[in-house]
Amino acid sequence: MPAMDVCAITPPAEELTLDMAIKKILTSNKDMIKQRMSMRQAEMSYHDAWEKMFLPSLSLDVSSASQNTIAQIPGTQAKKLGESAFARGYPASSVALNLGSYAIFNFWRDKISYDIARLGYERNKRKLLESERSARFLAIGAYFRLKTEQDKIDAAKRSMEISVAIAGLVKSRKAIGKASDSDVSSSAVDMLNAKNRYNETVKTGRTELWNMNLLLGDRIDTRYRLSTELKYAKVEISQEEALRIYKENGPSLKDAAMDLKTSEMGLELAEKQVLPLPTVSITGISLSYGNSYYGTALTPGTTGASTSGNLEVTTSISLSLPLLGPGGIFNRRVVEQARISRDMSELSFQQTADRDLVRLYSIFEQIKQEEMSIENLKEAYENSSTLLDGLFASMSSTIVSRLELRDAIGQAREMEFSFRSSVLSHLTNKLGLAEFIGVDRLPGDIY
Numbered sequence: 497m498p499a500m501d502v503c504a505i506t507p508p509a510e511e512l513t514l515d516m517a518i519k520k521i522l523t524s525n526k527d528m529i530k531q532r533m534s535m536r537q538a539e540m541s542y543h544d545a546w547e548k549m550f551l552p553s554l555s556l557d558v559s560s561a562s563q564n565t566i567a568q569i570p571g572t573q574a575k576k577l578g579e580s581a582f583a584r585g586y587p588a589s590s591v592a593l594n595l596g597s598y599a600i601f602n603f604w605r606d607k608i609s610y611d612i613a614r615l616g617y618e619r620n621k622r623k624l625l626e627s628e629r630s631a632r633f634l635a636i637g638a639y640f641r642l643k644t645e646q647d648k649i650d651a652a653k654r655s656m657e658i659s660v661a662i663a664g665l666v667k668s669r670k671a672i673g674k675a676s677d678s679d680v681s682s683s684a685v686d687m688l689n690a691k692n693r694y695n696e697t698v699k700t701g702r703t704e705l706w707n708m709n710l711l712l713g714d715r716i717d718t719r720y721r722l723s724t725e726l727k728y729a730k731v732e733i734s735q736e737e738a739l740r741i742y743k744e745n746g747p748s749l750k751d752a753a754m755d756l757k758t759s760e761m762g763l764e765l766a767e768k769q770v771l772p773l774p775t776v777s778i779t780g781i782s783l784s785y786g787n788s789y790y791g792t793a794l795t796p797g798t799t800g801a802s803t804s805g806n807l808e809v810t811t812s813i814s815l816s817l818p819l820l821g822p823g824g825i826f827n828r829r830v831v832e833q834a835r836i837s838r839d840m841s842e843l844s845f846q847q848t849a850d851r852d853l854v855r856l857y858s859i860f861e862q863i864k865q866e867e868m869s870i871e872n873l874k875e876a877y878e879n880s881s882t883l884l885d886g887l888f889a890s891m892s893s894t895i896v897s898r899l900e901l902r903d904a905i906g907q908a909r910e911m912e913f914s915f916r917s918s919v920l921s922h923l924t925n926k927l928g929l930a931e932f933i934g935v936d937r938l939p940g941d942i943y
């Protein structure tokens, strides 16, 4: 049986632009799908809190029962009555519509609980938007990491091909007595080193490909033709402007501020719970419709009313004062715990603001340092490439030494690697800055 051609069954690489990658992660990534599910749960919890706050409870109860006499105990009234006292299995059924108790006013305690739930819902909505922004940045970062590794593979391949050509040239020179055995061995070592460097680059590129597959929800080893080029652009936003935007939109600062607000409301609620504040509530009616045993007529009525059949609404005022319990006398420990939580949230807010200020300055400093390095690396890369092209064009000449070519090959390859890695790192830090201050794109940025 002939061997199967692996290349014949390998699917072709998919065309993938940056926009396609972003769209794919937002629709197919499992983390994003779970995030939207979590948002749906939060939305339902908020609706529960809203209905508890603004709507009374309403329930429908249905019941039916049937009794059959199987024997009578001697000496009892039932035995004296005989079969006339038998239960014949006629069902007794009822249907009741119940309107439960509804608090009209309890000194804003229910309102505070509702506001806490509302804040939680608002946070979840904001978290979903932030998750979508983070997913977009993840797609951009993963896309250009893979693109950079593909470019490095091309550079390593060119370096390897030149090394192979040099090794072949040295062998041909030895045949005419213009190269020694040591020259042949040394050129072979250079060629093997170039091949190893190429293999290492391919290995790294394959890892980035798998990461991209996982991120986009594709089958492992799905190959891509990446058509969007990584373009270098300096940061146009000033540090002062970034700080201003962060104070308005920074996700971490917003989280800390919302935690502080929630803890303040929790303290207010705890303080109200220990006060003998009255609650004004109404109790609704229960409409019933049923029949009794022996097939009597259906009988409408009401329960919970002074007289069955009356439609009544009861208004009541009640209060409760906790004297002693798990929270201590008058629930003082509960209040103290709420106060400590509020104070801790306030400290956390201050810590977040201070920590983030240092982080913002650090990101800016790193970006500025990278921009200076990129300019130098770009010039060095261009010069080393020009030198290599000139030497390679003249390598058949005896004037160009093999060692000079080897050094030029390694220098050009490493300069290209360093330049591309620095441009990628610069983009990664810009994306991190945009996410940190809470914007979808930095001013003047193209991604």
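When we follow the numbering used here, the leftmost residue of the sequence shown carries the number 497, and every step to the right adds one.
Note that CB positions come from ideal geometry on N, CA and C, so glycine has one too.
TODO: Verify whether the separation of the beta carbon atoms of S559 and G585 is less than 7 angstroms.
DONE: For S559 and G585, no; Cβs fall outside 7 angstroms.
TODO: For D936, collect the residues of the same chain with a Cβ closer than 8 angstroms to its Cβ; drop the 5 residues on either side in sequence, then sort them by chain order.
DONE: Excluding residues within five positions, the ones whose Cβ falls inside 8 angstroms are R629, R632, A930.
- [ ] Whole angstroms is fine: what's the gap from Y790's alpha carbon to F582's?
- [x] Model confidence at Y790 stands at a pLDDT of 49, short of 50, so the residue's coordinates are unreliable and nothing is read from them.
Open item on the list: Quick check on DSSP: helix, strand or coil for Y720?
Closed with: Looking at Y720 - three-state DSSP - the assignment turns out to be strand.
Task: Own chain partners of G934 with C-beta closer than 6 angstroms, once the 5 adjacent residues on each side are dropped - done: Excluding residues within five positions, the ones whose Cβ falls inside 6 angstroms are N745, G746, P747.
Open item on the list: Please report the distance separating the alpha-carbon of E910 from that of L625.
Closed with: If you take the alpha carbons of E910 and L625, they lie about 40 angstroms apart.
TODO: In angstroms with no decimal places, state the Cα-to-Cα distance between V854 and R719.
DONE: Straight-line Cα distance between these residues: approximately 41 angstroms.
Task: For N594, the first and last residue of its enclosing beta strand (DSSP E) - done: Residues 588-595.
TODO: Could you check what DSSP says for D606 in three-state terms: helix, strand or coil?
DONE: Of the three classes helix, strand and coil, the one that applies to D606 here is helix, per DSSP.
Task: CB contact flag (E732, G928, <7 angstroms) - done: Taking a C-beta distance under 7 angstroms as the contact criterion, E732 and G928 do not qualify as a contact pair.
Task: Inter-residue spacing [alpha-carbon to alpha-carbon] between E867 and Y610 - done: So the two alpha carbons sit approximately 50 angstroms from each other.
TODO: Helix, strand or coil for L711, going by three-state DSSP, please let me know.
DONE: The three-state secondary structure of L711, taken from DSSP, is helix.
Task: Buried versus exposed call for K648 [16 or more other C-beta atoms within 10 Å across all chains shown] - done: K648 should be labelled buried.
Open item on the list: Could you compute how far the alpha carbon of Y617 sits from the alpha carbon of A766?
Closed with: So the alpha carbons of these two residues sit roughly 21 angstroms apart.
- [ ] Using the Cα positions of N594 and N620, report the straight-line distance between them to the nearest angstrom.
- [x] Cα to Cα, the separation comes out at about 35 angstroms.
- [ ] Kindly indicate the opening and closing residues of the beta strand (DSSP E) around D557.
- [x] Run containing D557: 554-561, per the beta strand (DSSP E) assignment.
- [ ] Answer yes if the stretch 637-651 comes into contact with the stretch 903-923, meaning at least three C-beta pairs across the two stretches below 8 angstroms, and no otherwise.
- [x] The stretch 903-923 vs the stretch 637-651: in contact.
TODO: Whole angstroms is fine: what's the gap from D606's alpha carbon to R851's?
DONE: Rounded to whole angstroms, the separation of the alpha carbons of R851 and D606 is 36 angstroms.
Task: Length of the line joining the Cα atoms of S534 and Y542 - done: Those two C-alpha atoms are separated by around 12 angstroms.
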